[in-house]
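Following my numbering, the numbering of the sequence shown begins with 146 at its first residue and continues without gaps. Positions of the beta carbon are idealized from the N, C-alpha and C atoms, including for glycine. Have a look at the structure below before the remarks.
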Amino acid sequence: MSSTSHSNLAVSLRGVTKRFGSQTAVNGVDLAIHDGSIHGIIGPNGSGKTTILRMILRIYRPDSGSVTVLGNAHGEAADDRVGYLPEERGLYHRMKVRDVLKYFARLKGHNRPDPDINHWLEKLQATEWSHKRIEQLSKGMAQKIQFIAAVVANPKLVILDEPFSGLDPVNMEVLRDAVIELKKRGTTVLLSTHDMDVAEQMCDRIFMIYKGNKVLDGTLQEIQTEYGEPILRVKMAQAIAPDLQHSTLSQLIDSITANGEYHDIRLKSAEGRYTVLKRLVEQGDVEHFETAKPTLHDIFIRIARPTAAVEE
Numbered sequence: 146m147s148s149t150s151h152s153n154l155a156v157s158l159r160g161v162t163k164r165f166g167s168q169t170a171v172n173g174v175d176l177a178i179h180d181g182s183i184h185g186i187i188g189p190n191g192s193g194k195t196t197i198l199r200m201i202l203r204i205y206r207p208d209s210g211s212v213t214v215l216g217n218a219h220g221e222a223a224d225d226r227v228g229y230l231p232e233e234r235g236l237y238h239r240m241k242v243r244d245v246l247k248y249f250a251r252l253k254g255h256n257r258p259d260p261d262i263n264h265w266l267e268k269l270q271a272t273e274w275s276h277k278r279i280e281q282l283s284k285g286m287a288q289k290i291q292f293i294a295a296v297v298a299n300p301k302l303v304i305l306d307e308p309f310s311g312l313d314p315v316n317m318e319v320l321r322d323a324v325i326e327l328k329k330r331g332t333t334v335l336l337s338t339h340d341m342d343v344a345e346q347m348c349d350r351i352f353m354i355y356k357g358n359k360v361l362d363g364t365l366q367e368i369q370t371e372y373g374e375p376i377l378r379v380k381m382a383q384a385i386a387p388d389l390q391h392s393t394l395s396q397l398i399d400s401i402t403a404n405g406e407y408h409d410i411r412l413k414s415a416e417g418r419y420t421v422l423k424r425l426v427e428q429g430d431v432e433h434f435e436t437a438k439p440t441l442h443d444i445f446i447r448i449a450r451p452t453a454a455v456e457e
């Protein structure tokens with residue numbers, strides 16, 4: 146995972162540490178977010194994700210290290226070039242949708258926002274709600290309007306904190322298309338999510354923080370190659386012998402997990418797959434056998450499982 150110069154970065158963290166009293170929330174973190182990319186940030190609650198987002202937003206200042214955003218290492222929280230969709234949604238409930246969107250656009254210096262408001266309302270299938278009060282909207286529709294408020298002023302960097310949380314599959318797809326459009330426009334998107342499928346499908350690069358430390362950083366392929374041992378996905382005509390993991394193969398097998406009609410056998414190294422296959426054939430008919438890369442969910446669980454998550 147190669148280093149990158151500042152010239153093509155929207156955000157750069159170098160050796161960033163942030164403490165709250167005796168607790169170190171972020172510990173010496175480096176992070177490079179490329180211009181025009183979708184960069185995912187993942188981690189269990191209490192890992193330091195929110196602290197990193199707030200340092201990029203200039204809400205917090207690091208105790209040590211540097212945070213450079215859009216070429217500026219000393220910016221203020223009210224940066225018109227940055228849009229933010231917080232996890233804790235907040236709109237003025239008694240205002241009408243269009244008035245709210247005009248208000249947020251003008252806060253960011255966009256004084257003629259109607260064409261952009263119309264575009265995003267149509268894009269998110271919300272045009273018919275433009276004259277409704279926020280309090281009349283469903284949770285999903287209100288979430289779409291909050292997204293529009295974050296992007297209507299055409300920011301260069303958009304920070305989205307759990308943008309798909311609580312959406313049904315149809316609205317999730319609509320919002321996903323809107324995020325992809327941002328990327329096509331050249332906007333840099335920092336996407337914080339607990340949905341590993343979303344991170345896999347949408348992000349050019351993925352960063353994971355755990356207990357304040359960076360533990361993953363790269364493309365999905367790089368992460369799978371560097372951090373994930375291979376998985377054998379097996380379907381047998383009969384049940385896998387329960388003692389397989391504790392047999393002479395114990396030095397080859399890390400775990401066995403039931404997955405519907407299949408079993409996922411996590412290996413300690415790829416070299417053991419044919420030995421395991423031979424043993425399975427001796428047990429009975431092998432109907433399906435493949436070597437699969439671990440998913441981001443698999444890798445996340447493996448890293449984060451040892452201790453219980455704490456609310457951030």
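Own chain partners of residue i with C-beta closer than 8 Å, once the 5 adjacent residues on each side are dropped
i    : result
E307 : E232, S337, T338, H339
K413 : E374, Q396, L397, I398, D399
M317 : F309
V324 : I183, L305, P308, V334, L336, M347
M200 : L158, V161, K163, V171, R206, P207, V212
L198 : I186, I304, D306, L335, S337
Other residues of its chain near residue i: CB distance less than 7 Å, five sequence neighbours each side excluded
i    : result
M286 : A271, W274
I178 : L154, A155, V156, H184, T333, L335
Q369 : K438, P439
L365 : E345, I351, L441
L327 : V296, V303, V334
V343 : F309
E221 : R203
Cα-Cα separation between residue i and residue j, rounded to whole angstroms
i    : j    : result
F292 : L230 : 6 Å
S209 : H238 : 40 Å
R206 : E435 : 48 Å
F249 : E416 : 57 Å
H219 : T213 : 7 Å
L361 : D409 : 23 Å
G160 : Q428 : 53 Å
L312 : E371 : 33 Å
L377 : L202 : 43 Å
A449 : K241 : 43 Å
V315 : M341 : 18 Å
D259 : E267 : 12 Å
L246 : M353 : 33 Å
L320 : W265 : 10 Å
G89  : A223 : What is shown of the chain runs 146 to 457, which leaves residue 89 out entirely.
D430 : L394 : 19 Å
Burial state of residue i, where buried means 16 or more other Cβ atoms lie within 10 Å
i    : result
T196 : buried
A437 : exposed
R350 : buried
K194 : buried
K423 : exposed
A403 : exposed
D443 : buried
I121 : This structure does not reach residue 121, given that the chain is present from 146 up to 457, and the question cannot be answered.
I204 : exposed
L252 : exposed
K284 : exposed
G188 : buried
K355 : Checking the displayed sequence, the identity of residue 355 turns out to be Tyr instead of Lys. It is buried - the Cβ of Y355 has at least 16 other Cβ atoms within 10 Å.
A294 : buried
G331 : exposed
A384 : exposed
Beta-ladder partner(s) of residue i, from DSSP
i    : result
G228 : V303
G185 : L336, I351
E406 : Answer is none; E406 lacks a bridge partner.
R278 : K241
H179 : L154
Cut-off 6 Å between Cβ atoms - residues of its own chain near residue i, not counting five sequence neighbours on either side
i    : result
V234 : Note on residue identity: the sequence assigns Arg, not Val, to residue 234. Hits under 6 Å: Q291.
V174 : L158, V161, K359
R243 : S275
P300 : R226, V227, G228
K380 : E406, Y407, E432, H433
G216 : none
Cβ-heavy atom distance, residue i to the ligand NAD, below 7 Å
i    : result
H184 : The ligand NAD is not among the ligands present in this structure, which contains no ligands whatsoever.
Practice problem: Ignoring anything shorter than 4 residues or poking outside the region 311-399, list the alpha helix (DSSP H) runs there in chain order. | Solution: 314-329, 341-347, 365-372
Quiz item: Mind pulling the alpha helix (DSSP H) runs of 4 or more residues that sit fully within the region 188-218?
Solution: 194-201
Quiz item: Considering only residues of the region 418-447, which uninterrupted alpha helix (DSSP H) runs meet the minimum length of 4 residues and lie entirely inside it, listed in chain order?
Solution: 418-428
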